[in-house]
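Student: Attaching a single structure in structure tokens format; questions to follow.
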Amino acid sequence: METDSLAARKKNARRMGAHILFFDESGFLLIPPVRKTWSPRGQTPIHRHFYSHDRISAISGISVSPMRQRVGLYCQLFDANIDCDIVCGFLREVLRHLRGHVIALLDNGQIHKGGPIHRLTRRYARLHLEPFPPYAPELNPDEGIWRLLKQSLSNSRPDTGKQMMTMLSTELRRLAKSPSLIKSCIRQADLPLFLP
């Protein structure tokens, strides 16, 4: 009976059109990512920082609307590790903003499985979780968001988790206001082309 209702929900979602949500998690360390940079000839750039193991955990999702293919970016930042309950809270928040059915594509991580996730999908019949194939991060456009964020933070030097949180929030707001950058993340993924 459970399988029949799940199949019926998926068929209904396809018939009505559904938002697609690509989501993933990542972490940002206070140890700065170093990239190539410019400096006067003969002067090696020196990058000073405080050695700290503090980190910020992040979860984000790229949404694509069913009809007009508008894109959106949702993100939450935490100073603790992300667990199943945080994933559920993130998905509930996304559902608050998106109307109709939502097909969420995610990896096979342990935090995407278990009781809280099953209870969430039973409670919200319009939420459909679909896993990517194992070991295929190149299929997830949300990886492009992490790449853009880490690139924008390279050679920076936040000294505290609070400063890092502020920098990440600023960059995420900038990305969320740029549909062209979000679409570029979708286009660079190894997915069948579905954006115009």
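Note that numbering that gives the first Met the number 0 has the sequence shown beginning at 0, numbered continuously upward.
The beta-carbon is built from N, C-alpha and C at its ideal position, and this holds for glycine as well.
Could you have a look at residue 146 and say whether DSSP puts it in helix, strand or coil?
Tutor: Residue state, collapsed to three classes: helix.
Student: Could you tell me which whole beta strand (DSSP E) segments of length 3 or greater appear in the region 54–98?
Tutor: Runs found: 54–63, 70–77.
Student: DSSP state of residue 41, grouped into three classes?
Tutor: Of the three classes helix, strand and coil, the one that applies to residue 41 here is coil, per DSSP.
Student: Using a Cβ-Cβ cut-off of 6 Å (strictly less than) and excluding sequence neighbours within five positions of residue 143, which residues of its own chain qualify?
Tutor: 184, 187, listed in sequence order.
Student: What's the gap between the Cα of residue 0 and the Cα of residue 124?
Tutor: A caution first: residue 0 carries a pLDDT of 40, below 50, which makes its placement in the model too unreliable to give a value.
Student: Over the uninterrupted alpha helix (DSSP H) stretch that includes residue 170, give me the two end residues.
Tutor: That run of the alpha helix (DSSP H) goes 160–175.
Student: In terms of residue numbering, what span does the alpha helix (DSSP H) encompassing residue 155 cover?
Tutor: Neither: residue 155 is in no alpha helix (DSSP H) and is coded neither H nor E.
Student: For residue 197 and residue 94, what's the separation of their Cα atoms in angstroms?
Tutor: The chain is shown from 0 up to 195; residue 197 falls before or after that span and cannot be answered.
Student: Could you check if residue 30 is buried or exposed, using at least 16 other CB atoms within 10 Å of its CB as the buried criterion?
Tutor: With fewer than 16 other Cβ atoms within 10 Å, it is exposed.
Student: Tell me whether residue 143, by its Cβ, gets closer than 8 Å to a heavy atom of the ligand FAD.
Tutor: By its list of ligands, the structure shown contains no ligand whatsoever, and the ligand FAD lies outside what it can speak to.
Student: Name the two residues that bound the continuous alpha helix (DSSP H) containing residue 29.
Tutor: Careful: residue 29 lies outside any alpha helix (DSSP H) and carries neither H nor E.
Student: Where do the N-terminal and C-terminal ends of the alpha helix (DSSP H) with residue 119 fall, by residue?
Tutor: Note, residue 119: alpha helix (DSSP H), 114–122.
Student: Ignore the nearest five residues each way along the sequence and tell me which others in residue 82's own chain have a CB closer than 8 Å to its CB.
Tutor: 110.
Student: Would you tell me roughly how many angstroms separate the C-alpha atoms of residue 114 and residue 136, rounded to the nearest one?
Tutor: Those two C-alpha atoms are separated by around 25 Å.
Student: Just mark residue 163 as buried or exposed, buried being the case when its beta carbon has 16 or more other beta carbons within 10 Å.
Tutor: Looking at its Cβ environment, which holds 16 or more other Cβ atoms inside 10 Å, residue 163 is buried.
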